[in-house]
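In the working numbering, the protein residues as written are 329 to 843.
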C-alpha cells in the first residue's frame, strides 16, 4: 500500500530527474549539434565530458539513490542489467588502453540505452498535472510556430502534442488545443527531409491510419474519407518532393540502384587489388574547425580482401603536442614512423598514386546518377564492416576505440573530408554498428529493441488505446530511421529517444496492470 507521503515523494523524484531530461531534449531539438558539443575538461581526464554524459551521470546517481531508498528487490531479470554496464565499462577501458580515447565515443552507443531504464523507473503519470500538460502543449506549439528546430522531430512532436491533449480528458479543451496544434504543424517538414526520414514518417503514418480504421468509433464513410485524404496527401508530397525533386533528393528504382552499384563495385574490385590505406591520425571530435584531441592510431595498411594490419602502439596527444617529433614515437618509445622525412616521402607517394584514381573517379561519378550515391555509399560501408568482422569473427564485437575505415570509400574518394579529417567513418546504420561493436551482446540488444516494439504495437491495438498507438508511431519513426541514419550513436537523438521509450513502456506496463 503506497501512502500519500510516499506518493508525493516519488513525484518529487520524478520531477528532479525528468525535468532536466526534458530541458536537455528540448535544447537538442532546437540546437542539435551546437548544444551537444558543449563540454567540460578536467585535468585528471584525457577526454572531454560532454553535456550528455554529465546528464547521464547525474541521472544514474539519482537512480542508485532511489533504488537504495526504496530497497528495490533483486529479480533474475536484473542480472543482465548488472552485467551489461560492467561489460560496457570493461570494453571501454580495454579499448582506450589499446587504441585511445575514441573508445569512449563508441561506448556511447551502448551507455545511452541507460536512459531507457531511467525513463522507465522515474515515469510517474501523476507528475503530469493539468497545468503541466498545458505547459508542454504550449511548448510544442511554440516550437512548431518558430519553425527553427530539427525537422526530424516533426512526427514525434506532433504525436506527443496529441498524446498530451488526450490526457486532458476535457472535451472542449481537447477540441480547442487540437485545432491549434493542427494549424501550426509544419506539414512540409514531413517531406522536405532526408529520404530515410520520409520513409520513417510514412511508417508512422501507417500506424496512425491503422488506428483510424480499427479504433475510431465513427461511420465507415468518414473513416474512408479521412484515410483517402491522408493517402492522397502523402502521395502528393512524395511526387512533389521526391519525384520532381523539390526536396533536393530523388528516389531511384531498385533496378537502377543495383545497376549503378554493380558498375561502381567493378571499379572498386579492380582498384582493391593494389590498394593500401594511408596512415591517418584519429580525432576524437571536431568543433568549429579545430582539433581538440588527436589519437595516433595504428598504421593501417589494408588489402581489401584480407584487412591485414601492421601492429603498432597508440598514444593520445593534445593538439599543442602534435608535430613531427611527437608523431615519430608512441608512448612506449617504439618507432611508429621512421622520421619526418620518411613520413613525408611516404605520404607524397601515396598521394601521388591516389590522385590519378581520384581524378578518374570524379569523372566517373559525373556520369552516374547522383541520387544513388547515398545508398551506395552506405552499402559499401556495410560490406566493409562485414568483411572486417568476417576476417576476425569476434563474438564480443570489435574493440571500442578501433577506428573503422572503409577501403571502398577511400578508393572512390567518397566522404574524403570526413574520414581524412577524423581518421574514421560512421557506418550510418545504428543496428549494424551495435552488432559490429557488440557482437553477441549487440545481437541481444538489437533483438530486444525490435521484439519490444512489436509487443508494444500489439498491445496498443489490443487495448484500443490512442495514446499507446501514438507512442508506437513515435518509436517506430526513430527505429526505422536508425537503419540509415546516426540515431542511437549521437546524443541529440539517442538521449531523447531512449528516455521517451522508457517512459512509453512504463505507461504501457501501468496500462496492463490497471486493465
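Heads up, the beta-carbon is just placed ideally off N, CA and C, and yes, glycines get one too.
Worksheet item: Leaving out five residues before and five after residue 784 in sequence, what residues of the same chain have Cβ atoms less than 8 Å from its Cβ?
Response: Reading the chain shown from its first residue, position 456 is the one you call residue 784. Result list for residue 784: 796, 799, 800, 803, 832, 833 and 836, in chain order.
Discussion item. Checking 8 Å against the spacing of the C-beta atoms, do residue 442 and residue 389 come in under that value?
Written reply: Position 114 of the chain shown holds residue 442. Position 61 of the chain shown holds residue 389. Contact flag unset, no.
Worksheet item: Thinking just about the alpha-carbon of each residue, which of 720, 838, 596 and 564 is nearest to the one in residue 736?
Response: In the chain shown, the residue the question calls residue 736 occupies position 408. Taking only the C-alpha atoms, the option nearest residue 736 is 596.
Fill in: For residue 368: DSSP bridge partner residues
Looking up residue 368 in the chain shown gives position 40. Answer by DSSP bridge pairing, in chain order: 377.
Worksheet item: Do you know how far the Cα of residue 779 is from the Cα of residue 514?
Response: As a first step, residue 514 is located in the chain shown; it is residue number 186 there, counting from the start. As a first step, residue 779 is located in the chain shown; it is residue number 451 there, counting from the start. Taking the straight line from one Cα to the other gives about 32 Å.
Worksheet entry | Below-8 Å beta-carbon distance, residue 448 vs any chain C residue | Considering every chain present, this structure includes no chain C. It has just one protein chain.
Discussion item. Quick check: what's the CA-CA separation for residue 705 versus residue 751?
Written reply: Start at 1 with the first residue of the chain shown, and residue 705 comes out as number 377. Start at 1 with the first residue of the chain shown, and residue 751 comes out as number 423. Rounded to whole angstroms, residue 705 to residue 751 spans 17 Å at the Cα level.
Worksheet entry | Cβ shell of residue 492 (< 7 Å), same chain only, five flanking positions each side left out | Numbered from its first residue, the chain shown carries residue 492 at position 164. The residues are 461, 464 and 465.
Fill in: Assumed close pair residue 528, residue 805 - CB separation to whole angstroms, cut-off 8 Å
Working through the chain shown from its first residue, we reach residue 528 at position 200. Working through the chain shown from its first residue, we reach residue 805 at position 477. Correct: roughly 5 Å between the Cβ atoms.
Item to complete: Would you mind sorting residue 452 into buried or exposed? The rule is 16 or more other CB atoms within 10 Å of its CB.
Response: Looking up residue 452 in the chain shown gives position 124. By the 10 Å Cβ count, residue 452 comes out buried.
Worksheet entry | Length-filtered (4 minimum) alpha helix (DSSP H) runs lying within the stretch 414 to 441 | 430 to 439
Worksheet item: For the alpha helix (DSSP H) that contains residue 545, what are its first and last residues?
Response: Position 217 of the chain shown, counted from the start, is the residue given in the question as residue 545. Residue 545 -> no alpha helix (DSSP H), and no H or E assigned at all.
Item to complete: Give the DSSP-derived three-state secondary structure of residue 583 in the structure shown.
Response: The residue given as residue 583 occupies position 255 in the chain shown. Three-state result, residue 583: helix.
Fill in: Spatially closest choice to residue 420 from 589, 437 and 380, by CA coordinates
Residue numbering aside, residue 420 sits at position 92 when the chain shown is read from its first letter. When each option's Cα is compared against that of residue 420, the closest is 437.
Worksheet item: For residue 594, which of 819, 559, 370 and 739 has the nearest alpha-carbon?
Response: Translated into positions along the chain shown, residue 594 becomes position 266. For the residues 819, 559, 370 and 739, the minimum Cα distance to residue 594 belongs to 739.
Worksheet item: Between the C-alpha atoms of residue 714 and residue 569, what's the straight-line distance to the nearest angstrom?
Response: For this step, residue 714 is matched to residue 386 along the chain shown. For this step, residue 569 is matched to residue 241 along the chain shown. The alpha-carbon atoms of residue 714 and residue 569 are separated by roughly 34 Å.
Worksheet item: Within 10 angstroms of its Cβ, does residue 409 collect 16 or more other Cβ (buried), or is it exposed?
Response: Indexing the chain shown from 1 puts residue 409 at position 81. Looking at its Cβ environment, which holds fewer than 16 other Cβ atoms inside 10 Å, residue 409 is exposed.
Worksheet item: By a C-beta neighbour count over all protein chains shown, 10 Å radius and 16 as the cutoff for buried, is residue 483 buried or exposed?
Response: The residue labelled residue 483 in the question sits at position 155 within the chain shown. When all chains shown are included, residue 483 counts as buried.
Practice prompt. Go through the stretch 712 to 771 residue by residue and report every complete run of the alpha helix (DSSP H) that reaches 4 residues or more, in order.
Written response: 735 to 740 and 744 to 750
Practice prompt. Pull up the distance between the alpha-carbon of residue 790 and that of residue 555, whole angstroms please.
Written response: Taking the chain shown and counting its residues from 1, the one referred to as residue 790 is at position 462. Taking the chain shown and counting its residues from 1, the one referred to as residue 555 is at position 227. Taking the straight line from one Cα to the other gives about 21 Å.
Fill in: Residue closest to residue 415, alpha-carbon to alpha-carbon, out of 435, 534, 397 and 539
Counting from one through the chain shown, the residue named residue 415 turns up at place 87. The shortest Cα separation from residue 415 among 435, 534, 397 and 539 belongs to 435.
Worksheet item: So what's residue 337 in DSSP terms, helix, strand or just coil?
Response: To locate residue 337, count along the chain shown from 1; it is residue 9. Residue 337 falls in the helix class under three-state DSSP.
Worksheet entry | Outcome for residue 624 when other beta-carbon atoms lying within 10 angstroms are tallied against a minimum of 16 | Numbered from its first residue, the chain shown carries residue 624 at position 296. Confidence in residue 624 is poor, its pLDDT being 42 and thus under 50, which makes the residue's placement too unreliable to answer from.
Discussion item. Taking the straight line between their C-alpha atoms, what separation do you get for residue 840 and residue 830?
Written reply: Residue 840 sits at position 512 when you count from the first residue of the chain shown. Residue 830 sits at position 502 when you count from the first residue of the chain shown. Between residue 840 and residue 830, the C-alpha separation is close to 15 Å.
Fill in: Same chain, Cβ closer than 7 Å to residue 544, five either side skipped, listed in chain order
By one-based count along the chain shown, residue 544 stands at place 216. Same-chain partners within the cutoff: 551.
Item to complete: Using 10 angstroms around the beta-carbon of residue 598, count the other beta-carbons present and answer buried if the total reaches 16, otherwise exposed.
Response: On the chain shown, residue 598 is found 270 positions in, with the first residue counted as 1. Per the 10 Å Cβ criterion, exposed.
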